[in-house]
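Q:
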Amino acid sequence: GDYSSSGGGSFYESNPAYAVLNVGFIILVLRALARTYFGTSTKKQKKRQEQQQIEQEQQLNKERRASIDELLALDPAFDEQALLDRIGEVYIYMQQAWQNKLFEPLHAIMTDPLYNMFISRLKRYSDEKQTNHVDDIEITGVELKRFTQSVTQQSLTVLISTAITDYVTDDATGEVVSGSKDMRLHM
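Residues 197 to 383 in our numbering are what the sequence shown spells out, letter by letter.
(1) At what residues does the alpha helix (DSSP H) containing serine 346 begin and finish?
(2) My guess is that leucine 355 and glutamate 339 are in contact by the Cβ rule of under 8 Å, so how many angstroms apart are they, rounded?
(3) Taking the straight line between their C-alpha atoms, what separation do you get for glutamine 254 and isoleucine 333?
(4) Please return the same chain residues whose Cβ sits closer than 6 Å to the Cβ of valine 372, not counting the five positions on each side in sequence.
(5) Count the C-beta pairs between the region 258 to 266 and the region 295 to 304 that are closer than 8 Å, then say yes if the count reaches three, no if not.
(6) Should leucine 267 go down as buried or exposed, given a rule of 16 or more other Cβ atoms within 10 Å for buried?
(7) Ignore the nearest five residues each way along the sequence and tell me which others in glutamine 291's own chain have a CB closer than 6 Å to its CB.
(8) Leaving out the 5 sequence neighbours to the left and right, which residues in its chain are closer than 6 Å to serine 357 when beta-carbon positions are compared?
(9) Kindly indicate the opening and closing residues of the alpha helix (DSSP H) around aspartate 323.
(10) Name the DSSP bridge partner or partners of tyrosine 363?
(11) How far does the alpha helix (DSSP H) with leucine 279 in it extend, from its first residue to its last?
(12) Under the three-state reduction of DSSP, which class applies to threonine 336: helix, strand or coil?
(13) Would you mind working out which of Gln277, Leu302, Glu276, Asp275 sits nearest isoleucine 288, comparing C-alpha positions?
(14) Can the beta-carbon of threonine 361 be found closer than 8 Å to that of arginine 342?
(15) What is the DSSP secondary structure of alanine 262, counted as helix, strand or coil?
(16) Check this for me: beta carbons of glutamine 326 and aspartate 271, under 8 Å apart or not?
(17) Helix, strand or coil for threonine 369, going by three-state DSSP, please let me know.
(18) For tyrosine 311, which residues of its own chain have a beta-carbon under 6 Å away from its beta-carbon, when the five flanking residues on both sides are left out?
(19) Among the residues of its own chain, which have a CB less than 8 Å from the CB of glutamine 247, if the five just before and after it don't count?
(20) Using DSSP's beta-bridge definition, name the partner residues of isoleucine 356.
This is the structure we're talking about:
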């Protein structure tokens, strides 16, 4: 075979199968290189992310321990489990008050901005003649994360993990307008 280009066209023009094979081979080589490069990079990134997550968890555990120590220094009779149990009870009470649109009793345990935010949303449900139902409430965990204090305020950060059924109904028809009576949400 004549491999010169003097015969009126290039070798690729006269042998399209070879050109397709050659392009295919180049694509395979590029894919292999990409997998090698990006695969290694992805593995390194994943390992780095896992290490960062471990370090963050260790830092949060240190902060949590320091928070508990600070609470114990302020109140030697501090009972973490009793506090967490009470927070779980208040959470369930709050959900029931929300569903029943009777949020006023919770004002005493909330900051004004938080209470006003809840009341504003409840008013919208009332204006739209809808009810947000929160059923089958299951608390799967309550964990103290952080305690801070300033001259005027003490603040606890608590993580509450739950499973609930959350849906909104039309007050006139009882029809579900959003959410689902059958789907449990894990939060």
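Beta carbons: idealized from backbone N, C-alpha and C, even for Gly. Since the model is a prediction, treat every value here as computed from it, not as a measurement.
A: So, to answer that:
(1) Walking along the sequence shown from the start, residue 346 turns up at place 150. Per DSSP, serine 346 belongs to no alpha helix (DSSP H) and is neither H nor E.
(2) For this step, residue 355 is matched to residue 159 along the sequence shown. For this step, residue 339 is matched to residue 143 along the sequence shown. With 8 Å as the limit, leucine 355 and glutamate 339 qualify as a contact, their Cβ atoms being about 5 Å apart.
(3) Mapped onto the sequence shown, residue 254 falls at position 58. Mapped onto the sequence shown, residue 333 falls at position 137. Each residue's Cα considered, the two are about 31 Å apart.
(4) Position 176 of the sequence shown, counted from the start, is the residue given in the question as residue 372. Once the five neighbours on either side are set aside, the close Cβ partners of valine 372 are Tyr363, Thr365.
(5) Segments in contact, no.
(6) The count along the sequence shown starts at 1 and reaches residue 267 at position 71. Burial of leucine 267 is indicated by the presence of at least 16 other C-beta atoms within 10 angstroms of its C-beta.
(7) Working through the sequence shown from its first residue, we reach residue 291 at position 95. Within the same chain, glutamine 291 has close Cβ partners Val330, Ile333.
(8) Taking the first residue of the sequence shown as 1, we reach residue 357 at position 161. Only residues of its own chain outside the window of five on either side were considered, and among them Thr336, Gly337 have a CB closer than 6 Å to the CB of serine 357, listed in chain order.
(9) If you number the sequence shown from 1, residue 323 lands on position 127. First-last of the alpha helix (DSSP H) with aspartate 323: 308 to 323.
(10) Walking along the sequence shown from the start, residue 363 turns up at place 167. Tyrosine 363 is bridged to His329, Gly375.
(11) Residue mapping note: residue 279 aligns to position 83 of the sequence shown, counting from 1. Start and end: 276 to 296.
(12) Walking along the sequence shown from the start, residue 336 turns up at place 140. Look at threonine 336 here: in three-state DSSP terms it is strand.
(13) Residue mapping note: residue 288 aligns to position 92 of the sequence shown, counting from 1. Ranking Gln277, Leu302, Glu276, Asp275 by Cα distance to isoleucine 288 puts Leu302 first.
(14) The residue labelled residue 361 in the question sits at position 165 within the sequence shown. The residue labelled residue 342 in the question sits at position 146 within the sequence shown. Using a Cβ distance threshold of 8 Å, threonine 361 and arginine 342 do not count as a contacting pair.
(15) As a first step, residue 262 must be located in the sequence shown, where it is residue number 66. Here alanine 262 sits in helix by DSSP.
(16) For this step, residue 326 is matched to residue 130 along the sequence shown. For this step, residue 271 is matched to residue 75 along the sequence shown. At a Cβ-Cβ threshold of 8 Å, glutamine 326 and aspartate 271 do not count as neighbours.
(17) Taking the first residue of the sequence shown as 1, we reach residue 369 at position 173. Shown here, threonine 369 sits in coil according to DSSP, grouped into three states, outside any helix or strand.
(18) The residue labelled residue 311 in the question sits at position 115 within the sequence shown. Same-chain partners within the cutoff: His303.
(19) Mapped onto the sequence shown, residue 247 falls at position 51. Within the same chain, glutamine 247 has no close Cβ partners at all.
(20) Counted from its first residue, the sequence shown places residue 356 at position 160. In DSSP, isoleucine 356 forms a bridge with Val338.
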